[in-house]
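Mapping of the sequence shown onto my numbering: position 86 corresponds to residue 1242, and the numbering continues sequentially without gaps. Yeah, the Cβ is synthetic: ideal placement off N, Cα and C, and Gly gets one too. If you're wondering where the values come from, they're calculated on a predicted model, not measured in any experiment.
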Amino acid sequence: MNTLLSIDTRNSVLLKMAMLLERERQAIIAVNKTDLEAYKGDDISMFDRLKVDDSKVDEMIKSVTHLASQDDPVGVERFSFKHENGMQVYNKTASFGTVMIIYESRPDVTVEAAGIAFKSGNKILLKGGKESLRSNLKIVELWHEALKEFGASTNWVEYLQFNRTETQAFLEKPTQKVDLIVPRGGERLIAFVKQHATCPVIISGRGNNFVYVHKDADPDIALDIIMNGKSKISACNAVDKVLIDKNLPNKKAFIESLISKLKASNIEILGDSETCKFDNIKAFESDDIWYEEFLDYKIVISEIGSNSETIAMINKYSGGHSSVIVTSNKDEAKVFMENVDTAAVYHNASSRFTDGGQLGLGGELAISTDKLHQRGPIGLKHLVTNKWYVHGSGQIR
1157 MNTLLSIDTR NSVLLKMAML LERERQAIIA VNKTDLEAYK GDDISMFDRL KVDDSKVDEM
1217 IKSVTHLASQ DDPVGVERFS FKHENGMQVY NKTASFGTVM IIYESRPDVT VEAAGIAFKS
1277 GNKILLKGGK ESLRSNLKIV ELWHEALKEF GASTNWVEYL QFNRTETQAF LEKPTQKVDL
1337 IVPRGGERLI AFVKQHATCP VIISGRGNNF VYVHKDADPD IALDIIMNGK SKISACNAVD
1397 KVLIDKNLPN KKAFIESLIS KLKASNIEIL GDSETCKFDN IKAFESDDIW YEEFLDYKIV
1457 ISEIGSNSET IAMINKYSGG HSSVIVTSNK DEAKVFMENV DTAAVYHNAS SRFTDGGQLG
1517 LGGELAISTD KLHQRGPIGL KHLVTNKWYV HGSGQIR
């Protein structure tokens, strides 16, 4: 078992990691290029997440630097109680122990998610996808260099080069202690981990996010929010469904304007029986489409009768990730935000902000759509469990 590293050591390793990422910037990008060239799949969002360029390296550096500046999340007192028999009782945050991260295509996870888990005092097991193997191994090499520099064991960050069969065997009968598993990827990966894991799993869920354009919406704000929601199709915080209040003033002009903007971005538009009367909107074939997360240049536009119908619709079909109401009516916004069952709810702002960095956490391990043990972006403060510290002088019950 690894003894908890001091906060000074953890921060020093993170800052060294920032220096190494800068030093090896070109090498990382070059190695990643071989991963990109070897990728033969046709999943555009997978390809997008696989790519490492200068701005991605900048983000990695910013992430570990910011983590090093944050307070230690371990050992924080959450509750204290003086027992009548004189015992002093404290409840404090504690690290999980070993966190396994299983992920697809994103080499930045090897820095950012691993960094959060490391700063929270955990040993990290990384199992990336074969499509990003070279990039991941290069980054793990840097982790090991940073750990060695401060006398820490390299097994604080371990890369598991497992195929699918070996991964399944490890999930079912781990050959070392694993306290928590975080799958980062598509629904197939999440289902695979849930099916085989024998320890707690944090589900970093799917998106399928909705924007509701209420009848009191500012049309320009609504257009900006919808278009921004489609600005990165590989993101789990992208918008897939737009519900337009049938009583929206100048509704026809608004829908036509939205269609022209979406068409200019090469986004395929599908609609219900009302909206498919417009040019460039195709009727969708089945209501099953409401459950789908697209991760593609595709969007559904539909009319809806009211705020309460919208809430029911989102609660039935969405992935429990993010939902948006565009309205100038604060009371309607309040009803929507209190009753929609998603991890993040927005009033007049883009769903693209559901991100640990954007919501003030400095980064995220995952965006959880579960309600235990943390919902939404999981940052440094959330990647802890707790422990009871009881100080006595011989008390017995």
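Sheet register partners of residue i (DSSP bridge)
i            : result
residue 1522 : 1534
residue 1252 : In DSSP, residue 1252 forms no bridge with anything.
residue 1366 : 1397, 1479
residue 1413 : Per DSSP, none; premise fails for residue 1413.
residue 1305 : Bridge partners of residue 1305: none, in fact.
residue 1547 : 1244
residue 1438 : 1426
residue 1258 : 1283, 1339
residue 1542 : 1249
residue 1314 : 1281
Short Cβ contact (8 Å threshold) for residue i with residue j
i            : j            : result
residue 1448 : residue 1319 : no
residue 1426 : residue 1437 : yes
residue 1284 : residue 1251 : no
residue 1223 : residue 1280 : no
residue 1423 : residue 1457 : no
residue 1505 : residue 1478 : no
residue 1213 : residue 1185 : yes
residue 1268 : residue 1519 : yes
residue 1169 : residue 1308 : yes
residue 1382 : residue 1414 : yes
residue 1291 : residue 1187 : yes
residue 1525 : residue 1475 : yes
residue 1507 : residue 1482 : no
residue 1466 : residue 1399 : yes
residue 1176 : residue 1302 : yes
residue 1282 : residue 1313 : yes
residue 1126 : residue 1287 : Summary: the structure shown does not reach residue 1126, with the chain confined to residues 1157 through 1553, and so no result is reported for it.
residue 1346 : residue 1356 : no
residue 1492 : residue 1368 : yes
residue 1242 : residue 1484 : no
residue 1200 : residue 1360 : no
residue 1335 : residue 1488 : no
residue 1315 : residue 1293 : yes
residue 1515 : residue 1536 : no
residue 1417 : residue 1379 : yes
residue 1495 : residue 1234 : no
Outcome for residue i when other beta-carbon atoms lying within 10 angstroms are tallied against a minimum of 16
i            : result
residue 1353 : buried
residue 1298 : buried
residue 1552 : exposed
residue 1366 : buried
residue 1397 : buried
residue 1327 : buried
residue 1528 : exposed
residue 1275 : buried
residue 1393 : buried
residue 1431 : buried
residue 1545 : exposed
residue 1387 : exposed
residue 1266 : buried
residue 1207 : buried
residue 1194 : exposed
residue 1538 : buried
residue 1362 : buried
residue 1183 : exposed
residue 1370 : buried
residue 1439 : exposed
Which listed residue (the options) has its alpha carbon closest to that of residue i
i            : options                : result
residue 1325 : 1342, 1312, 1308, 1348 : 1348
residue 1464 : 1478, 1497, 1445       : 1497
residue 1511 : 1188, 1533, 1501       : 1533
residue 1295 : 1537, 1329, 1216, 1332 : 1216
residue 1433 : 1210, 1459, 1218       : 1459
residue 1429 : 1417, 1416, 1443, 1421 : 1443
residue 1167 : 1226, 1231, 1211, 1192 : 1226
residue 1341 : 1229, 1350, 1311, 1331 : 1350
residue 1249 : 1439, 1304, 1232, 1420 : 1232
residue 1165 : 1421, 1379, 1306, 1549 : 1306
residue 1253 : 1158, 1406, 1180       : 1158
residue 1333 : 1410, 1374, 1255       : 1255
residue 1421 : 1470, 1183, 1401, 1384 : 1384
residue 1547 : 1228, 1230, 1236, 1173 : 1236
residue 1230 : 1163, 1395, 1174       : 1163
residue 1289 : 1300, 1270, 1311, 1263 : 1263
residue 1408 : 1439, 1197, 1375, 1419 : 1375
**Asked** Unbroken beta strand (DSSP E) runs of length 3 or more, entirely within the segment 1451-1522: which are they?
**Response** 1454-1460, 1478-1482, 1500-1503
**Item:** In chain order, each beta strand (DSSP E) run of at least 3 residues that lies wholly inside the segment 1265-1293
**Value:** The DSSP assignment places complete beta strand (DSSP E) segments of no fewer than 3 residues inside the segment 1265-1293 at 1279-1283, in order along the chain.
**Message:** So within the segment 1329-1386, which uninterrupted beta strand (DSSP E) runs reach at least 3 residues, ignoring any that extend past its ends?
**Reply:** 1336-1340, 1365-1369
**Prompt:** Taking only runs of the alpha helix (DSSP H) that begin and end inside the segment 1177-1252, which ones reach a length of at least 4 residues, in chain order?
**Reply:** As far as the segment 1177-1252 is concerned, its whole alpha helix (DSSP H) runs of at least 4 residues are 1181-1194, 1200-1206, 1210-1225.
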